[in-house]
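Beneath this line is the structure, given in structure tokens, with notes to follow.
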Amino acid sequence: MSDTATSEHSEPEADEAVEHHDDEGHAHPSDWAYVKIAVVLAAITALEVFTYFESVVDWGVALVPSLIFMMVVKFYLVATWFMHLRFDSKLFGRMFTAGLILAVGVYLVTLTVFEFWV
Amino acid sequence: MSAEAVTADLGHAADEHGHDEHATTTGLSHTKLAMWVFLGSECLLFGGLISTYLLYKSRGNGRTLPTDVFDIPFTSVSSFVLLMSSLTMVLALSAVSRGEDEAGRTWLLATALLGGVFIGGQVYEFTSFVREGVAFTTNPASSAFFTLTGFHGVHVSLGIVMLMSLFVASVKGKLTQRNAETVEIVGLYWHFVDIVWIFIFTVIYLIPAD
Chain X
1 MSDTATSEHS EPEADEAVEH HDDEGHAHPS DWAYVKIAVV LAAITALEVF TYFESVVDWG
61 VALVPSLIFM MVVKFYLVAT WFMHLRFDSK LFGRMFTAGL ILAVGVYLVT LTVFEFWV
Chain H
1 MSAEAVTADL GHAADEHGHD EHATTTGLSH TKLAMWVFLG SECLLFGGLI STYLLYKSRG
61 NGRTLPTDVF DIPFTSVSSF VLLMSSLTMV LALSAVSRGE DEAGRTWLLA TALLGGVFIG
121 GQVYEFTSFV REGVAFTTNP ASSAFFTLTG FHGVHVSLGI VMLMSLFVAS VKGKLTQRNA
181 ETVEIVGLYW HFVDIVWIFI FTVIYLIPAD
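From first to last, the protein sequence lines are chains X and H. So for the first sequence, my numbering puts the first residue at 1; every next one is plus one. So for the second sequence, my numbering puts the first residue at 1; every next one is plus one.
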């Protein structure tokens with residue numbers, strides 16, 4: 001197996017949660033670890049929805065940055081744990097990240113074009 | 001996608017424990033690598049659609065905007081359902097990887113059902129929007145909104161077809177621990193669809209228009 005195919009399992013909490021290995025020998029978390037991640041995702045979603053009810057708490061200028069931060073955390077948790085990017089070869093993550101960076105680039109270029117050139 | 005197609009030979013051999021050596025130049029499953037490349041390209045598709053909506057979201061041509069008729073509590077429930085379907089999907093993969101075929105079938109079916117609930121919610125949302133005067137051709141904002149969320153809905157629907165194909169294959173005994181990678185690949189697609197909705201829910205629904 002090449003270097004690119006070697007995953008790293010350095011984080012202790014990940015090792016504790018390991019239950020089984022996939023067909024490339026990469027460790028995957030236990031079912032209980034998946035449930036715990038789902039609970040965290042549900043809690044973040046509840047907090048996101050909570051921001052909608054302005055009569056309860058006025059988030060002010062912190063609203064948009066908070067929502068984006070929570071979105072990024074949810075995105076990261078699903079990609080790393082449920083999609084196994086944390087445990088699989090880094091090459092898979094690089095392929096996905098390349099598409100993601102290009103997509104963000106497309107948005108930024110389009111926004112710039114429409115805001116300043118048109 | 002037929003049950004035969006999803007359980008087709010993935011181009012590598014597995015031993016009785018499902019631990020196979022991928023005889024590829026990278027030492028990795030090229031099927032999985034191809035799925036990741038595909039998902040990377042899907043980021044571009046949804047990036048373009050989200051960009052279009054963000055640029056047109058205020059262009060109502062004097063008519064009702066999608067943001068005026070959003071039902072956030074209802075969409076929140078739909079979002080929660082789709083999020084939880086990612087849990088059932090990963091539990092399906094976990095069960096199939098351990099050789100627990102019956103548990104795998106149960107979780108696959110649960111995932112498809114949750115996806116069906118999400119699609120049902122989207123159909124209801126679209127119907128109520130049209131009743132409130134926001135149709136596909138009402139204004140540029142509504143066109144961009146329906147195109148974005150409609151494309152996402154089509155992806156979820158295709159995911160349900162794949163899940164049901166896996167379920168049928170499992171019932172026929174063609175989906176076992178040996179080809180658990182097939183479940184993983186369908187799972188990657190399903191989680192991606194969830195990730196896209198995480199983005200759409202925040203950027204389109206929750207962040208205020210102005």
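Just so it is clear, CB atoms sit at the ideal spot from N, CA and C, and this is done for glycine as well. Being a predicted model, the structure only gives us computed values, none of them experimental.
Should residue i be flagged as near chain H, meaning a C-beta pair shorter than 7 Å?
i	result
SER89(X)	yes
PHE114(X)	yes
ASP58(X)	no
ALA43(X)	no
VAL64(X)	yes
ALA33(X)	no
HIS9(X)	With a pLDDT of 43 at HIS9(X), under the threshold of 50, the modelled position of this residue cannot be trusted, and the question is left open.
GLU13(X)	Residue placement at GLU13(X) is flagged as unreliable, the pLDDT there being 45, under the threshold of 50; the coordinate-derived value follows with that caveat. With 7 Å as the cut-off, GLU13(X) does not count as an interface residue toward chain H.
TRP117(X)	no
Using a Cβ cut-off of 7 Å, pull out every chain X residue sitting near residue i, in sequence order please.
i	result
ASP194(H)	VAL78
VAL37(H)	MET95
GLY159(H)	Ordered by position in chain X, no residue passes the 7 Å Cβ test against GLY159(H), which lies about 14 Å from the chain.
LEU44(H)	GLY99, LEU102, ALA103 and VAL106
THR67(H)	Under the 7 Å cutoff, chain X gives no residues; its nearest Cβ is about 13 Å from THR67(H).
Report the neighbours of residue i on chain H: residues whose CB is nearer than 8 Å to its CB, in chain order.
i	result
LEU111(X)	SER51, LEU54 and LEU55
Check the Cβ-Cβ distances between residue i and every residue of chain X, and say whether any is below 7 Å.
i	result
HIS191(H)	yes
GLY62(H)	no
LEU206(H)	yes
SER143(H)	no
ILE72(H)	yes
GLY99(H)	no
ALA41(H)	The sequence given here places Ser at residue 41(H); Ala does not occur at that position. Yes - at least one Cβ of chain X is within 7 Å of the one on SER41(H).
LEU166(H)	no
ILE185(H)	no
GLY173(H)	no
GLY133(H)	no
LEU10(H)	For LEU10(H), the predicted model reports a pLDDT of 40, less than 50, meaning its position is unreliable; a value from the coordinates is still stated below. Taking Cβ atoms only, chain X never reaches closer than 7 Å to LEU10(H), which makes this a no.
Among the options, which residue has its Cα nearest to the Cα of residue i?
i	options	result
LEU166(H)	ILE207(H), ASP101(H), GLY121(H) and ILE204(H)	ASP101(H)
LEU67(X)	VAL78(X), TYR52(X), ALA79(X) and LEU77(X)	TYR52(X)
TYR56(H)	ILE160(H), SER29(H), THR202(H) and LEU148(H)	LEU148(H)
MET95(X)	VAL171(H), LYS32(H) and ARG178(H)	LYS32(H)
VAL119(X)	PHE69(X), PRO65(X), VAL78(X) and PHE50(X)	Outside the shown range of chain X (1 to 118) lies residue 119(X), about which nothing can therefore be said.
GLY40(H)	VAL196(H), ASN179(H), ARG131(H) and PHE201(H)	VAL196(H)
PHE146(H)	VAL156(H), HIS155(H) and ALA135(H)	ALA135(H)
VAL81(H)	GLY133(H), TYR53(H) and GLY120(H)	GLY120(H)
ALA103(X)	ALA144(H), VAL203(H) and SER51(H)	SER51(H)
MET35(H)	ILE204(H), VAL186(H) and PHE201(H)	VAL186(H)
TRP81(X)	THR202(H), ILE160(H), PHE192(H) and GLY60(H)	PHE192(H)
SER30(X)	PHE129(H), TYR189(H), LEU158(H) and VAL90(H)	VAL90(H)
GLY115(H)	SER76(H), GLY104(H) and HIS155(H)	HIS155(H)
PHE201(H)	GLU184(H), GLY159(H), GLN122(H) and GLY133(H)	GLN122(H)
VAL35(X)	MET164(H), TYR124(H), ALA92(H) and THR137(H)	ALA92(H)
PHE38(H)	ILE44(X), LEU108(X), THR97(X) and GLU48(X)	THR97(X)
PRO208(H)	ILE72(H), LEU44(H) and VAL161(H)	ILE72(H)
GLY99(X)	ALA112(H), LEU45(H) and PHE199(H)	LEU45(H)
PHE70(H)	VAL130(H), VAL96(H), SER97(H) and VAL117(H)	VAL130(H)
Which bits of chain X does residue i rub up against, with CB to CB less than 8 Å?
i	result
THR202(H)	GLU48, LEU67, ILE68, MET70 and MET71
LEU188(H)	MET83
PHE151(H)	None at all; the shortest Cβ gap to chain X is about 14 Å.
PHE199(H)	MET71 and PHE75
Using 7 Å as the limit for Cβ to Cβ distance, is residue i near chain B?
i	result
VAL106(X)	The displayed structure is made up of protein chains X and H, and chain B is not among them.
Cβ closer than 9 Å: which chain X residues qualify as neighbours of residue i?
i	result
LEU33(H)	SER89, LEU91, PHE92 and MET95
What are the residues of the stretch 71-84 of chain X that lie near chain H, defined by any Cβ-Cβ distance shorter than 7 Å?
-> MET71, LYS74, PHE75, VAL78, ALA79, PHE82 and MET83
Along the stretch 76-96 of chain H, what residues have a CB closer than 7 Å to any CB found in chain X?
-> SER76, SER79, PHE80, LEU83, MET84, SER86, LEU87, VAL90, LEU91 and SER94
Could you pull out every unbroken alpha helix (DSSP H) segment of at least 4 residues lying fully inside the stretch 56-97 of chain X, listed in chain order?
-> 63-77
Of the residues that make up the stretch 104-127 of chain H, which ones have a beta carbon closer than 8 Å to any beta carbon in chain X?
-> none
Curious, which full-length beta strand (DSSP E) runs of at least 3 residues does the stretch 107-179 of chain H contain?
-> none
Jot down the residue ranges of each uninterrupted alpha helix (DSSP H) in the stretch 32-74 of chain H, minimum 4 residues, whole runs only, in chain order.
-> none
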